[in-house]
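Working notes for the structure below.
Numbering (the numbering used here), first residue to last: 20 to 116.
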């Protein structure tokens with residue numbers, strides 16, 4: 020058996036080891052992320068279906084918010100944070116003498 024054939028047989032064995040329900044979950048995740056089921060399998064094996072599904076949901080939610088214009092540039096947020104911290108630190112920095 021050639022190396023390629025052995026790898027193909029190994030990949031098929033990994034996929035066949037999943038229950039049909041889990042195969043469908045894997046294929047759904049792959050479709051949502053634009054990846055192949057094989058490439059998603061390594062993440063699922065590492066982190067589990069629940070964690071990967073949550074990650075994909077949150078990523079898609081964030082992308083939708085960006086597309087809808089409901090986000091602010093990092094530089095603007097950092098400027099606001101620095102202003103808040105500066106205002107609060109300035110008030111605390113003054114001690115009664």
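Even glycine gets a Cβ: it sits at the ideal position worked out from N, Cα and C. Remember, predicted model here, so these are calculated numbers, not experimental data.
Per DSSP, what kind of secondary structure is residue i in: helix, strand or coil?
i          : result
residue 90 : coil
residue 55 : coil
residue 98 : helix
residue 67 : coil
Just mark residue i as buried or exposed, buried being the case when its beta carbon has 16 or more other beta carbons within 10 Å.
i           : result
residue 90  : exposed
residue 105 : exposed
residue 59  : buried
Starting from the C-beta of residue i, find all residues in its chain whose C-beta is less than 7 Å away, skip the five residues before and the five after it, and write them out in chain order.
i          : result
residue 75 : 48, 51 and 52
So, residue i versus residue j, is the Cβ gap smaller than 7 Å?
i          : j          : result
residue 68 : residue 44 : yes
residue 56 : residue 72 : no
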